[in-house]
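Engineer: Supplied in structure tokens, the structure appears directly below.
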Ligand SMILES: NC(=O)C1=CN([C@@H]2O[C@H](COP(=O)(O)OP(=O)(O)OC[C@H]3O[C@@H](n4cnc5c(N)ncnc54)[C@H](OP(=O)(O)O)[C@@H]3O)[C@@H](O)[C@H]2O)C=CC1
Ligand SMILES: O=C1O[C@H](COP(=O)(O)O)[C@@H](O)[C@H](O)[C@H]1O
């Protein structure tokens, strides 16, 4: 399977740096036979101006844009590699069309010593910027009217085919098709896109469209042309029925995809929305029978990525028989949530937080996930995994890594993932005594009876699988030494939400201790990042209650998203699908991150299973097992979500 890479090269004279010829090279791996476009910049054009120009083309030029130099003799090529950067990084106003479908660019160094590698298309100095823009936009920005299935006949244009494998399933209906529609609605999908549903169920195109149409909604904040957009979208959706382990069935899919692609560059994205035991069959068949011949092929893999270190490593090994690491997009949809993505902005783009972000000022960090419903409908899957694997080892741990990482060298995917992996590898093995597990039991409230976990017909009656867990984790590095990171996750609890709570240390020698009272914990500053629902970031501070006396209370500096922003927050799957299409890997899990995450949790998971640890039973709809409070107290922590404040 091939990826397309773009390298922007400047041929410069050492004495003349940074001026010179510039070329944009579409560079398929192992293919030297490309057309190179050279541009002659004006005498005073600098690299930064060039980059600014590229930015203005909305081609998702990444802020982490990198350059590399190689030199010998008097001239050399400076190559600037760019991974296509999300539109959200780009100024809203732009005169040029967006370039969805653009390509991931790894760092490369070329040593052509001034020689042009292939066909050269010179452009006059004074038209440089316009020429560059037009060359860049011609790479993927398409203008012609649509043909029968939505594509033009021009063979130079690229196409993107998105195949949802397991299209008849829950996730596809609930999340993937609606997210793809939202991207289409927002104009974020490449112009020439086709969506295929693939599953064993027999369905016609019309039946798939009917199924998909039931899940589509338009944004509340912009609902104009909604039904028109839906029609356009549904016309691009097709269905192919096949077995997941049949190369012939995938070859038949390939034939259909080729008809849509019409001989143009074909980029293909597979979304594996199927149970994990058939991941490899599907990848093998897609790779051998239905991968792109001339564009990129990428595969989004859904969790679970194994159930422990060994099974995860085996899955990675098997995937890598058919795919390179760059083609594997392991999705953790929590990384696509708006406030999780905002974590780095909050921290690295505000002077006031980063200096406090360490053991010196932070007493503890809490990562809390709760759902107010049980495993309804997913008990069969869940019983083999449990809440630690379902939520903690991935979603909460990913948030923790992002929260605690050192400043990355840049926003490039590899730089960020390098820092996350360092955090994970610095973590202390989790001790069994630092883990509390629970399972919900049936409960009747207000005349309504709520089922126990084991009432689910797909769950064994004697199951010990935890539906709740709390754990204390530690990062043994200079920044976080001794700071407890408490995690708590549970199903069938009293509320639904996900949040990060940062509790700060007490103010030393606080002049107002008398006004606060003896419970200093009540006065500790707390930063809360409410990931969902009702997204917000707020900081709890001590404040003087207005009046003649000196009474303090706890008040919030509150950034409440619904009040501050009028736009609807995109679903995590939208962001992640768009990133996968654009080759942006920042929010996907690299294999070494995954290994580190499993290394942390596997020993304690094994211990829980080997010792048949009996979960603490808690009533459906309650606040979970009391053991979670003892665990927190042992580490001198109070759960922020269960605190004394009326308004938490
Ligand atoms: N649902 C959710 O909320 C979430 C799901 N995930 C993950 O996403 C993936 C898909 O989830 P979900 O849609 O719920 O899964 P489903 O159980 O709904 O399965 C998806 C499709 O796969 C096919 N399928 C199911 N079981 C088998 C089997 N034993 N052998 C062969 N084919 C089978 C079915 O299609 P057909 O019979 O037509 O071939 C089914 O429609 C899973 O890996 C899951 O862990 C991750 C996060 C959340
Ligand atoms: O991955 C999973 O996440 C969902 C919760 O996702 P959310 O975006 O709705 O918060 C959870 O219900 C499911 O058990 C788990 O597999």
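In the working numbering, the protein residues as written are -10 to 637. Every residue gets a Cβ at the ideal spot worked out from N, C-alpha and C, and that includes glycine.
Helix, strand or coil for residue 488 per DSSP?
Structural biologist: The answer is strand: DSSP assigns residue 488 an E or B state.
Engineer: Mapping the DSSP letters down to three states, classify residue 553 as helix, strand or coil.
Structural biologist: Helix, per DSSP.
Engineer: Quick one: measure Cβ to Cβ for residue 151 and residue 170, integer angstroms, because I've assumed they're closer than 8 Å.
Structural biologist: Not confirmed; about 12 Å, so no contact.
Engineer: Is residue 207 helix, strand or coil when you go by DSSP?
Structural biologist: Reduced to three states, the DSSP call for residue 207 is coil.
Engineer: Looking at the C-beta of residue 327, does it have a partner C-beta in chain C at a distance below 8 Å?
Structural biologist: Looking for chain C here will not work: only one protein chain is present.
Engineer: Tell me whether residue 521 counts as near ligand 2, meaning its Cβ is closer than 7 Å to at least one heavy atom of that ligand.
Structural biologist: Because some heavy atom of ligand 2 lies under 7 Å away, the Cβ of residue 521 counts as near it: yes.
Engineer: Under 7 Å from any heavy atom of ligand 2, does the C-beta of residue 487 make it?
Structural biologist: Checking every heavy atom of ligand 2 against the Cβ of residue 487, one is found closer than 7 Å.
Engineer: Per DSSP, what kind of secondary structure is residue 287 in: helix, strand or coil?
Structural biologist: The answer is strand: DSSP assigns residue 287 an E or B state.
Engineer: In terms of residues, what are the limits of the alpha helix (DSSP H) holding residue 590?
Structural biologist: Element bounds for residue 590: 580 to 599.
Engineer: Mind checking whether the beta-carbon of residue 165 lies closer than 7 Å to any heavy atom of ligand 2?
Structural biologist: Checking the Cβ of residue 165 against ligand 2 gives no.
Engineer: I'd like to know if the segment 245 to 264 and the segment 206 to 213 are in contact, where contact means that at least 3 CB-CB pairs between them fall below 8 Å.
Structural biologist: No, the segment 245 to 264 does not touch the segment 206 to 213.
Engineer: Ignore the nearest five residues each way along the sequence and tell me which others in residue 627's own chain have a CB closer than 7 Å to its CB.
Structural biologist: The residues are 510 and 621.
Engineer: Using a Cβ-Cβ cutoff of less than 8 Å, which residues in the same chain neighbour residue 418 once the five nearest sequence positions on both sides are dropped?
Structural biologist: Cβ within range, chain order: 589, 592 and 593.
Engineer: What's the call for residue 28, buried or exposed, on a 16-neighbour Cβ count within 10 Å?
Structural biologist: In this prediction, residue 28 scores a pLDDT of 35, lower than 50, which makes its location untrustworthy; no coordinate-derived value is stated.
Engineer: Can you look up residue 228 in the DSSP assignment and give me helix, strand or coil?
Structural biologist: DSSP places residue 228 in strand when its eight states are reduced to three.
Engineer: So is the beta-carbon of residue 540 under 7 Å away from any non-hydrogen atom of ligand 1?
Structural biologist: No, the beta carbon of residue 540 sits no closer than 7 Å to any heavy atom of ligand 1.
Engineer: What did DSSP end up calling residue 146 once you bin it into helix, strand or coil?
Structural biologist: The answer is coil: DSSP assigns residue 146 none of H, G, I, E or B.
Engineer: Going by the beta-carbon positions, is the gap between residue 640 and residue 614 smaller than 8 Å?
Structural biologist: Because the chain here runs from -10 to 637, residue 640 falls outside it and cannot be looked at.
Engineer: What whole-angstrom Cβ distance do residue 352 and residue 468 have, given they're in contact under 8 Å?
Structural biologist: Not really, about 14 Å apart at Cβ, beyond 8 Å.
Engineer: For residue 305, name the three-state secondary structure that DSSP assigns.
Structural biologist: The answer is helix: DSSP assigns residue 305 an H, G or I state.
Engineer: Just list the alpha helix (DSSP H) runs in the segment 391 to 456, keeping only unbroken ones of 4 residues or longer that don't cross its boundaries, in chain order.
Structural biologist: Segments of the alpha helix (DSSP H) lying fully in the segment 391 to 456: 402 to 414.
Engineer: Let's test the definition: count the other Cβ atoms within 10 Å of the Cβ of residue 629 and tell me whether it reaches 16, buried, or not, exposed.
Structural biologist: Buried, because 16 or more other Cβ atoms sit within 10 Å of the Cβ of residue 629.
Engineer: What does the Cβ neighbour count give for residue 322, buried or exposed, with the cut at 16 atoms within 10 Å?
Structural biologist: Buried, because 16 or more other Cβ atoms sit within 10 Å of the Cβ of residue 322.
Engineer: With contact counted as at least three CB pairs below 8 Å, one residue from each stretch, are the segment 216 to 228 and the segment 157 to 176 in contact?
Structural biologist: Yes, the segment 216 to 228 touches the segment 157 to 176.
Engineer: To the nearest angstrom, report how far apart residue 483 and residue 362 are at their CA atoms.
Structural biologist: About 9 Å.
Engineer: Answer yes or no: the CB of residue 495 versus the heavy atoms of ligand 2, is any distance below 7 Å?
Structural biologist: No, the beta carbon of residue 495 sits no closer than 7 Å to any heavy atom of ligand 2.
Engineer: I'd like to confirm something about residue 568: is its beta-carbon nearer than 7 Å to some heavy atom of ligand 2, or not?
Structural biologist: Flag unset: Cβ of residue 568 not near ligand 2.
Engineer: Any heavy atom of ligand 1 closer than 7 Å to the CB of residue 244?
Structural biologist: Checking every heavy atom of ligand 1 against the Cβ of residue 244, none is found closer than 7 Å.
Engineer: Please identify the residue among 608, 525, 595 and 430 whose C-alpha is closest to the C-alpha of residue 335.
Structural biologist: Looking at the Cα atoms, 525 is the closest of the given residues.
Engineer: Closer than 7 Å to a non-hydrogen atom of ligand 1 - does that hold for the CB of residue 189?
Structural biologist: Yes, since a heavy atom of ligand 1 falls inside the 7 Å radius drawn around the Cβ of residue 189.
Engineer: Let's test the definition: count the other Cβ atoms within 10 Å of the Cβ of residue 437 and tell me whether it reaches 16, buried, or not, exposed.
Structural biologist: With fewer than 16 other Cβ atoms within 10 Å, it is exposed.
Engineer: Going by Cα to Cα distance, which pick from 307, 287 and 514 is closest to residue 572?
Structural biologist: Cα-wise, what sits closest to residue 572 is 287.
Engineer: With DSSP as the reference, label residue 11 as helix, strand or coil.
Structural biologist: Here residue 11 scores only 37 on pLDDT, less than 50, and its place in the model should not be relied on; the value that follows carries that caveat. Here residue 11 sits in strand by DSSP.
Engineer: Reducing DSSP to helix, strand and coil, say where residue 276 ends up.
Structural biologist: The answer is helix: DSSP assigns residue 276 an H, G or I state.
Engineer: Excluding the 5 residues preceding and the 5 following residue 581 in the sequence, name in chain order all residues of the same chain whose CB lies nearer than 7 Å to its CB.
Structural biologist: Correct list, in chain order: 410.
Engineer: Just list the residues that DSSP pairs residue 359 with in beta bridges.
Structural biologist: Answer is 479 and 486, bridged to residue 359.
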